[in-house]
Amino acid sequence: MEHIVYIIGAGLTKALESVAPIPLMWDFISVMAGYIYEDSGAYDRTILNTLAGLENAGVFENTTADSQTLARRVLRSNRPTGPSLAREEADAFRTIMQERTKENIEELLQRSLEKVRDDLVDFTPHQFNFAINKLFSRIGWNLNLLPLQRFLTRQFELRDVRHTFISFNYDLVLDRCIQTQTKNDWDTKSGYGFVVNRFVTPESAAEHEKRLEKTCHFRPLQTTQLDPLYGSSGRVKILKPHGSLNWLIKFEENYRFLDAAPILCLNRDSSITYYDRFKCEDLQITDHIQEITTDLWSHAGLFLIPPTDAKSSGLGFLKNVRQQEWNAYTTADEIYVIGWSMPSTDKDQVEIIRRSMQERRKPLERVVAINHKAPSKYYDEIATVFGVKRHHVFHHDAGFCQYVDDGNTATSGV
């Protein structure tokens, strides 16, 4: 059976942008600043406070004393006894974030990590994870999904082919479309490269949170057993080595994640959805509690590996995912690279690809690189990293949507 591997970067989600703006690395802050208000007009404190925390920490290169003063006012206004925040002040802070010289978000997070290590700031990268989750849960499925659905339909119609998607994105756009476009080839039970036993719905988590606020009586958050899709072939797999916005993992203090297979966040019908809060408490992980220590997770949070980390983890399920990633590279007949710019912060992933190519029994038949207005040296680097001749790199540089409109046609490089 032929094996096709797809490497997915942030450029894919950006290509599907519709009404709601989608951020990339260089405009993440300015785009996120556009979400400081909820649809109701209230402040989105998760996003607003995250941006203010970065500003107050002096993480940006062009931070000024005046902008830091305004950021501190934003943070103080969220305290129970703090001063109220005028809309004019929030608008002014948003303008600062949007008009400032753009900086790579991964470099910003690296600076914040360095400051945290020096005990200079009260800001952690986990706060940015909260904001990423809130941003994408607000965007939801308000994108132009048709091009991706058409692409997947064409690929899944290929006979005697298995498909492995290696996504470096936290968002769930690809996951959702794969779930809706496959019939019996992918399921949430084992489709992520590990076995999932339980899931929780956003509705039940929200109800549980309200109960905790109103009563002191203990009542666990019920999770539901996840049954496999009947007759699933497993022909399609999604590997997400950087984590996902629907994986809940048990953690201890300060978000120190413990080794356990994730609980998924799903709708009641098992369809993929976002979890709009980030953490939950007292998850019952069996149908009947017998032992609190084994049948209950006191705390669980969405599992994302910060972009500035080494993209590695001691967690067993994630080590297995990365091993499957390696195996996919060594057994692929062809590889698609869609919207992945090979940023310097993904150098460990680039190195995994380089080394896995050296372990192959034969060279790749071809690499299809789909990007938007990338320099020619990018496609030269693709050839080098994947160990193929330049004419074996088929490229399409007018964007993913145009590639689909052109009938999945790419040009061979020379």
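Just add 236 to wherever you are in the sequence shown, counting from 1, and you've got the working numbering.
Using N, Cα and C, we set each Cβ at its ideal position, and we do this for glycine too.
Here the structure is a predicted model, which means the values were calculated and not measured.
The beta carbon of residue 557 lies closer than 6 angstroms to those of 429, 475, 477 in the same chain, with the five residues before and after it left out. Counting only the Cα atoms, residue 298 lies some 19 angstroms from residue 364.
Residue environment for residue 394: exposed (fewer than 16 other C-beta atoms within 10 angstroms of its C-beta). Residue environment analysis places residue 398 among the buried positions, since at least 16 neighbouring C-beta atoms fall within 10 angstroms of its C-beta. Taking 8 angstroms as the cut-off, the Cβ atoms of residue 624 and residue 603 count as close.
By the C-beta criterion, the segment 258-265 is judged to be in contact with the segment 239-250, since at least 3 inter-stretch pairs fall below 8 angstroms.
According to DSSP, residue 533 shares a beta bridge with 519.
Looking at the backbone, the Cα of residue 422 and that of residue 472 are separated by about 5 angstroms. Taking the C-beta atoms as reference points, residue 456 is found no nearer than 8 angstroms to residue 538.
Residue 280 sits buried, since 16 or more C-beta atoms from the chains shown fall within 10 Å of its C-beta. In the DSSP assignment, residue 400 is bridged to 241, 473.
For the 8 angstroms CB-CB criterion, residue 564 and residue 460 do not form a contact.
Residue 338 sits close to residue 263, with the two beta carbons spaced by under 8 angstroms. In this structure, the CA atom of residue 493 is about 43 angstroms from the CA atom of residue 645.
For residue 618, the uninterrupted alpha helix (DSSP H) run begins and ends at 612-621, by DSSP. Residue 461 has 434 as its beta-bridge partners, per DSSP. Minimum Cα-Cα distance from residue 501 among the listed residues 515, 561, 413 corresponds to 515. Rounded to whole angstroms, residue 507 and residue 630 show a C-alpha spacing of 35 angstroms. For residue 503, there is no enclosing alpha helix (DSSP H), since its DSSP letter is neither H nor E.
Taking all protein chains shown into account, residue 431 has fewer than 16 neighbouring C-beta atoms within 10 Å of its C-beta and is therefore exposed. For the pair residue 383 and residue 510, the Cα-to-Cα distance works out to about 21 angstroms. CA-to-CA, the gap between residue 336 and residue 285 works out to about 18 angstroms. Here residue 628 carries a helix assignment [DSSP, helix/strand/coil]. Cβ-Cβ distances below 6 angstroms link residue 479 to 539, 540, 541 in the same chain, with the five nearest sequence neighbours on each side left out; the list follows chain order.
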